[in-house]
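Protein chains: 2
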Amino acid sequence: MKIMDLNERKRRILAAIIETYIETADPVGSKAVAELSGLGVSSATIRNEMAELEELGWLEQPHTSAGRVPSAQGYRAYVDYLMRRHRLTDLDLMRTNAFLHSRVSELERMLDEAGRIISELTGYPSLTMRPQLRGSAIRRIDLLPVDRHQFVLLLVTTDGMVKNRICRTWAPIEPALLQEVSSLVDRRLCGLPLTGISPAVVEELHRALDDFSFVLEPVLQTIREAAESFETPEVVLDGEQRLFDLPEYRDLDKTRDFLTFLQDQGARRQVLSPAQGHDGITITIGSEHPLEELRESSVIMGNYKLGDRPVGIIAVIGPTRMHYNRVFSQIEYFTQGLNHLLSQLVGPKEE
Amino acid sequence: MKIMDLNERKRRILAAIIETYIETADPVGSKAVAELSGLGVSSATIRNEMAELEELGWLEQPHTSAGRVPSAQGYRAYVDYLMRRHRLTDLDLMRTNAFLHSRVSELERMLDEAGRIISELTGYPSLTMRPQLRGSAIRRIDLLPVDRHQFVLLLVTTDGMVKNRICRTWAPIEPALLQEVSSLVDRRLCGLPLTGISPAVVEELHRALDDFSFVLEPVLQTIREAAESFETPEVVLDGEQRLFDLPEYRDLDKTRDFLTFLQDQGARRQVLSPAQGHDGITITIGSEHPLEELRESSVIMGNYKLGDRPVGIIAVIGPTRMHYNRVFSQIEYFTQGLNHLLSQLVGPKEE
DNA sequence: ATTTAGCACTCATATGTATTGAGTGCTAAG
DNA sequence: CTTAGCACTCAATACATATGAGTGCTAAAT
Numbered sequence: 584m585k586i587m588d589l590n591e592r593k594r595r596i597l598a599a600i601i602e603t604y605i606e607t608a609d610p611v612g613s614k615a616v617a618e619l620s621g622l623g624v625s626s627a628t629i630r631n632e633m634a635e636l637e638e639l640g641w642l643e644q645p646h647t648s649a650g651r652v653p654s655a656q657g658y659r660a661y662v663d664y665l666m667r668r669h670r671l672t673d674l675d676l677m678r679t680n681a682f683l684h685s686r687v688s689e690l691e692r693m694l695d696e697a698g699r700i701i702s703e704l705t706g707y708p709s710l711t712m713r714p715q716l717r718g719s720a721i722r723r724i725d726l727l728p729v730d731r732h733q734f735v736l737l738l739v740t741t742d743g744m745v746k747n748r749i750c751r752t753w754a755p756i757e758p759a760l761l762q763e764v765s766s767l768v769d770r771r772l773c774g775l776p777l778t779g780i781s782p783a784v785v786e787e788l789h790r791a792l793d794d795f796s797f798v799l800e801p802v803l804q805t806i807r808e809a810a811e812s813f814e815t816p817e818v819v820l821d822g823e824q825r826l827f828d829l830p831e832y833r834d835l836d837k838t839r840d841f842l843t844f845l846q847d848q849g850a851r852r853q854v855l856s857p858a859q860g861h862d863g864i865t866i867t868i869g870s871e872h873p874l875e876e877l878r879e880s881s882v883i884m885g886n887y888k889l890g891d892r893p894v895g896i897i898a899v900i901g902p903t904r905m906h907y908n909r910v911f912s913q914i915e916y917f918t919q920g921l922n923h924l925l926s927q928l929v930g931p932k933e934e
Numbered sequence: 584m585k586i587m588d589l590n591e592r593k594r595r596i597l598a599a600i601i602e603t604y605i606e607t608a609d610p611v612g613s614k615a616v617a618e619l620s621g622l623g624v625s626s627a628t629i630r631n632e633m634a635e636l637e638e639l640g641w642l643e644q645p646h647t648s649a650g651r652v653p654s655a656q657g658y659r660a661y662v663d664y665l666m667r668r669h670r671l672t673d674l675d676l677m678r679t680n681a682f683l684h685s686r687v688s689e690l691e692r693m694l695d696e697a698g699r700i701i702s703e704l705t706g707y708p709s710l711t712m713r714p715q716l717r718g719s720a721i722r723r724i725d726l727l728p729v730d731r732h733q734f735v736l737l738l739v740t741t742d743g744m745v746k747n748r749i750c751r752t753w754a755p756i757e758p759a760l761l762q763e764v765s766s767l768v769d770r771r772l773c774g775l776p777l778t779g780i781s782p783a784v785v786e787e788l789h790r791a792l793d794d795f796s797f798v799l800e801p802v803l804q805t806i807r808e809a810a811e812s813f814e815t816p817e818v819v820l821d822g823e824q825r826l827f828d829l830p831e832y833r834d835l836d837k838t839r840d841f842l843t844f845l846q847d848q849g850a851r852r853q854v855l856s857p858a859q860g861h862d863g864i865t866i867t868i869g870s871e872h873p874l875e876e877l878r879e880s881s882v883i884m885g886n887y888k889l890g891d892r893p894v895g896i897i898a899v900i901g902p903t904r905m906h907y908n909r910v911f912s913q914i915e916y917f918t919q920g921l922n923h924l925l926s927q928l929v930g931p932k933e934e
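Same order as they appear, the protein sequences are chains A and B.
If you're matching positions, the first sequence starts at 584 in our numbering and goes up one per residue.
If you're matching positions, the second sequence starts at 584 in our numbering and goes up one per residue.
So, in C-alpha cells, the structure goes:
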C-alpha cells in the first residue's frame, strides 16, 4: 500500500499523529488528533480512520487501551512525503554561522567542534567521520634532522593532508647526509599512491640508499600508518549524554549496552555506512539499518566534501521518534556551509 | 581522633566493613562482620564496637535499621593505613605488558589507548591528560613549500614535540625565496620560549622579512596555538558507560548531570588538578576534592613522566566506594611501565 | 453511506495498605 | 567484658484497589 493511495484525510491524520508523537513521546489518542488536526470531525470518526491506518501498517498500538504510535513504515512515509520543511531558528543560524566563521585552522579540531555543535543544536548525540581519502598519493616527503639519532618525517599527500612523526634511528646519521637521503626518498616516492608502494620500489630504495637504508624502515612505517588512517578514518562520538534526556533511553541497561556498542570504531563506521558514497542527506529509520543494534534508532547523516568529492560524514543518532524535519534542516544547512568553507580551504588548485 | 589510637579490634572491624562494602555496595551489618572478620566474637560485641566507630566518625548509618557504611574519613583511614596491597591478576599484567610492547608510535594515540586500557582493567571511567610542557622553547622551525600559495609550517620544540600546519598566503612566493625566509625565521626564533615571543622580536622579523612579511602571520599564529595546547593540554575521557554498572549511578538524572559535567575540558582539568606537581599516586575521596561536583566521587590519579619530570596524568574516577587497593596497584604498575617506555622514547639527550 | 454520541471494556499507572526481614540498641545474665 | 534475648525501626516488597485515558462497537442522526 503506497502512502499516496490513502485519501487526504488519512494522510493528514497520520501526519498529525506522527508530529504529535515526536513532540510528546506519548501514544496519541483519537481525541487529541480530532483537536489538533483541524479536520473538524469527531474523535469517533478519527477512531475509525486510525483503526484502518493501523490495519494497513502505518500505525501501531502499544496495548489495547493506549493511543497509536507510528510504525517504521509510518515514519518512512512521513520522511519521504508528509513532512514539511522546518524553519531553522535564529539560534541555529547564529551558532552555525559563528562556527563557520571561527576559522579553526586544524581540520581535525574543526570537525570535532562541528560534531559538538551539531549535537548541541539537535539535542542528539553526533557521529563525525574524519575525511576518508581513498587513493591519495604522496606529494612530498621530507626528512628533517633533529639530532644525529632523530629526524622528523614529514609527509604531504596530494589532498593536502600532512602527517609528521619523530623517527629514531639506531645508527647516527649526519644532518647533511640525511638531507641527501631525504631528497632521494622524495624523488623515488613522490607521486606514488600511499597504498601501492611495491616491494620492487622498496627493494630499489634499499639499494640506492646503501649504508643508510636503516632510515627507510620508519619512513615506510609512517606511510603505511598514514594510508591506514586515511582509508579507515576515525569516527568521533559527541554528546552521548543527551540520550538521557529522551524517554526512550530511561532503561539504564539497554542504554548502557547501546553506548558500549557505540564505543567501538568499527561499529561507528558501520553506523555511518548507509551514507557512504551517497550525496546529500541520508536517513535510516529503525530496522531499515543493516545493524541489528539500531533496530530502535534512527540516523540522519550528511556528507561533507573536500574539493568536490564527498569525503566525510556528519550524523546524528537518536530514537526512531526523532525530530526528522528539524534535524534534516539543521544538518543540511550545516554541511552546506561546511562544504563551502572546505572548498575555500582546499582552494582552487594552481599547477 | 587518629586511626591508630583505636584498638586493633576496632581497626580490623573497620577494615572488614570497608572491604565488604566495597565489594557488595550494601550496608554491612554486625552479623556479617562477625562472620567475615574472623575475630571470633559475637555479633552483639561487634554491634557495640560499630556504635562506637560511628560515634567517632569512621562509619555512617543510612537509616536506623540498616547496616553501616564507611564515612569519607573512614575511607581515608583505609587508604592511608588499613588497606593491604592488591595482587594484580594475570590479566592485568598481560594487558598492561601487551600495551607497553605494542609500540604505538604516535604519543597522542598511545595515551588514548592507555586511557582505554586503564578503564577496561579497572572497570571505571578514565581521564587521561596529554603532556603538559610548560616552558618549552623552539628548537627549530621550517617552512616547506607546497605550491606558491601554500607551505607547511613545521615546529619542533625542545621537548621533541612536533606541530605542523598547512598555511596559505594571500600573495605568491617562490619556493627558493621561501627557503630563505624559512632559515631567517628559524635563526631568529630558535631558542625562544613558545610563550615569550616579544613584540620587539616580531617587529624586528617584520623588518628583516621586508616584502615577505606576509608569511609571518600564520607562523606566529601556529606558535601561539602550539603554546596554548602545551600549556593547557587536553584531557581525554574514556569508558564513561562503565558508570552504569555501579549501583551508585542508577539515578539517571544525577548521572546525566555528572556526565555532562565531565564533557567540559575545563572541568576535566580541574578534576585532575590535585595531582598536578604531585609525584606518584594521588587519591581524593569525596568532598576532599575542591570540586563540589565530586562530592560523592573518588579519583585515583597517577603521573607519567617524559624524561624525568611529570608531564601528564592518568586517572580513574568512580564512586567513593571504589576498589582503592586494586585500582591503586593497577595505576601504579601501569604508569611505572609507561614511564619506562617514555624515557626510552624521549631518549638520552645527546648534545 | 458517513458521521457521531453513548457505553461497556481494557489495561497501564498511581495510590494505599499490609507484610516482611535485616539490622539495631538495650538489658540482664554469664 | 561478652553475649543471648528481645522489642523496636524502617526500607523494601508485595498486594489490592482505584483511576482514567483510550478503545471498539452499536445504534441513531445526518
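The beta carbon of each residue, even a glycine, is placed where N, CA and C say it ideally should be.
The structure presented is a predicted model; accordingly, all values stated were derived computationally and were not measured.
(1) Between Ser670 (chain B) and the rest of its own chain, which residues show a CB-CB distance below 8 Å, the 5 nearest in sequence each way excluded?
(2) For Lys888 (chain B), which of helix, strand or coil comes out of DSSP?
(3) Grouping DSSP H, G and I as helix and E and B as strand, with all else coil, what is Glu934 (chain B)?
(4) Whose C-beta lies closer than 8 Å to the C-beta of Val729 (chain A) among residues of the same chain, with five residues either side of it excluded?
(5) Is Leu761 (chain B) near Leu726 (chain B), with beta carbons less than 7 Å apart?
(6) Can you check DSSP and say which residues form a bridge with Arg748 (chain B)?
(7) Less than 8 Å between the CB atoms is what I'm expecting for Leu877 (chain B) and Val854 (chain B), so what's the real figure, rounded?
(8) If you pair each beta-carbon of the stretch 709–721 of chain B with each one of the stretch 828–836 of chain B, do three or more pairs fall below 8 Å?
(9) So with CB distances below 9 Å, who are the chain A contacts of Ser688 (chain B)?
(10) Determine whether the beta carbon atoms of Val819 (chain B) and Gly743 (chain B) lie at a separation below 7 Å.
(11) How about Gln940 (chain A): is its C-beta nearer than 7 Å to some C-beta of chain B?
(12) Okay, do the stretch 649–662 of chain B and the stretch 896–908 of chain B touch, 3+ Cβ pairs below 8 Å being the bar?
(13) Given a limit of 8 Å on CB to CB distance, which residues of the stretch 729–747 of chain B reach chain A?
(14) Our contact map puts Val764 (chain A) next to Phe795 (chain A) with C-beta atoms below 8 Å; I'd like the distance itself, whole angstroms only.
(15) Between Thr843 (chain B) and chain A, is the shortest Cβ-Cβ distance under 7 Å, so that the two count as touching?
(16) Using DSSP with H/G/I as helix, E/B as strand and the rest coil, what is Met587 (chain B)?
(17) Which of helix, strand or coil does DSSP assign to Thr705 (chain B)?
(18) So what's Pro873 (chain B) in DSSP terms, helix, strand or just coil?
(19) Run through chain A and tell me which residues come within less than 7 Å of Asp725 (chain B), C-beta to C-beta.
(20) Using only the alpha-carbon positions, how far apart do Val624 (chain A) and Thr918 (chain A) sit?
(21) Just verifying my parser: in three-state terms, what is the DSSP assignment at Pro776 (chain A)?
(22) Any C-beta of chain A sitting closer than 7 Å to the C-beta of Ile596 (chain B)?
(23) Taking DSSP as the reference, what is the three-state secondary structure of Arg723 (chain B)?
(24) Which bits of chain A does Arg770 (chain B) rub up against, with CB to CB less than 8 Å?
(25) Is Gly698 (chain A) helix, strand or coil when you go by DSSP?
(26) Here's a check: name, in chain order, each residue in its chain whose Cβ is nearer than 7 Å to the Cβ of Asp862 (chain B), leaving out the five neighbours to either side.
(27) Got a sec? Which residues, its chain only, sit under 8 Å from Ala627 (chain A) by beta carbon, not counting five neighbours each side?
(28) Would you report the Cα separation of Met584 (chain A) and Ala634 (chain A), rounded to the nearest angstrom?
(29) Which bits of chain B does Leu835 (chain A) rub up against, with CB to CB less than 8 Å?
(30) Just curious, the alpha helix (DSSP H) that Asp821 (chain B) is in, first and last residue?
(31) Alpha carbon to alpha carbon, how far is Val652 (chain A) from Thr607 (chain A)?
(32) Using a Cβ-Cβ distance cut-off of 7 Å, determine whether Arg839 (chain A) contacts chain B.
(33) Does the beta carbon of Gln913 (chain B) come closer than 7 Å to any beta carbon on chain A?
(34) In whole angstroms, give me the CA-to-CA distance for Gly860 (chain B) and Glu786 (chain A).
(35) Tell me the rounded alpha-carbon separation between Leu775 (chain A) and Ala720 (chain A).
(36) When you compare each of A:Ala681, A:Leu597, A:Leu921 to Met666 (chain A) by their alpha carbons, which one comes out closest?
Let me spell this out:
(1) The sequence given here has Arg at residue 670 (chain B), not Ser. Excluding positions up to five away in sequence, the list reads Ser912.
(2) Note: Lys888 (chain B) maps to strand in three-state DSSP.
(3) Caution is warranted here: a pLDDT of 38 is assigned to Glu934 (chain B), below 50, making its placement in the model unreliable, and the coordinate value is therefore given only provisionally. The answer is coil: DSSP assigns Glu934 (chain B) none of H, G, I, E or B.
(4) Leaving aside the five residues that flank Val729 (chain A) on each side, the residues in its chain whose CB is nearer than 8 Å to its CB run, in chain order, Val735, Ile749.
(5) Taking 7 Å as the Cβ cut-off, Leu761 (chain B) and Leu726 (chain B) qualify as a contacting pair.
(6) Note: Arg748 (chain B) sits in a beta bridge opposite B:Leu736.
(7) Yes, they are in contact, since the Cβ atoms of Leu877 (chain B) and Val854 (chain B) sit about 7 Å apart, within 8 Å.
(8) The stretch 709–721 of chain B and the stretch 828–836 of chain B do not touch, with fewer than 3 CB-CB distances between them shorter than 8 Å.
(9) Against Ser688 (chain B), the close residues of chain A are Arg748, Ile749, Cys750, Pro801, Gln804, Thr805, Glu808, in the order they occur along the chain (beta-carbon pairs closer than 9 Å).
(10) Contact flag unset, no.
(11) This structure gives no information on residue 940 (chain A), because the portion of chain A shown stretches from 584 to 934.
(12) With the cut-off at 8 Å, the stretch 649–662 of chain B and the stretch 896–908 of chain B touch.
(13) The residues in question are Val729, Asp730, Arg731, His732, Gln733, Val735, Leu737, Val739, Gly743, Val745, Asn747.
(14) Contact between Val764 (chain A) and Phe795 (chain A) holds: CB atoms are separated by about 5 Å, below the 8 Å threshold.
(15) Thr843 (chain B) counts as touching chain A.
(16) Met587 (chain B): helix per DSSP, three-state reduction.
(17) Three-state DSSP puts Thr705 (chain B) in a helix.
(18) If DSSP states are grouped into helix, strand and coil, Pro873 (chain B) belongs with coil.
(19) When 7 Å is used as the limit between beta carbons, Asp725 (chain B) is near these residues of chain A: Leu727, in chain order.
(20) Rounded to the nearest angstrom, the two C-alpha atoms are 42 Å apart.
(21) Looking at Pro776 (chain A) - three-state DSSP - the assignment turns out to be strand.
(22) Closer than 7 Å to the CB of Ile596 (chain B) there is not a single CB belonging to chain A.
(23) Strand.
(24) In chain A, no part has a C-beta under 8 Å from the C-beta of Arg770 (chain B); the shortest such distance is about 16 Å.
(25) Judged by DSSP in its simplified three-state form, Gly698 (chain A) adopts helix.
(26) Taken in chain order, the residues that qualify are Asn886, Pro893.
(27) Within the same chain, Ala627 (chain A) has close Cβ partners Ser613.
(28) Looking at the two C-alpha atoms, the distance is approximately 16 Å.
(29) The answer, in chain order, is Phe827, Arg833, Leu835.
(30) Following the DSSP letters along the chain, one finds Asp821 (chain B) in no alpha helix (DSSP H) but inside the beta strand (DSSP E) bounded by residues 818–821.
(31) Answer to the nearest angstrom: the Cα atoms are 11 Å apart.
(32) Taking Cβ atoms only, chain B reaches closer than 7 Å to Arg839 (chain A), which makes this a yes.
(33) Output row for Gln913 (chain B): interface = no.
(34) Near 50 Å, if we compare the C-alpha coordinates of Glu786 (chain A) and Gly860 (chain B).
(35) The alpha-carbon atoms of Leu775 (chain A) and Ala720 (chain A) are separated by roughly 5 Å.
(36) Among A:Ala681, A:Leu597, A:Leu921, the Cα nearest to that of Met666 (chain A) belongs to A:Leu597.
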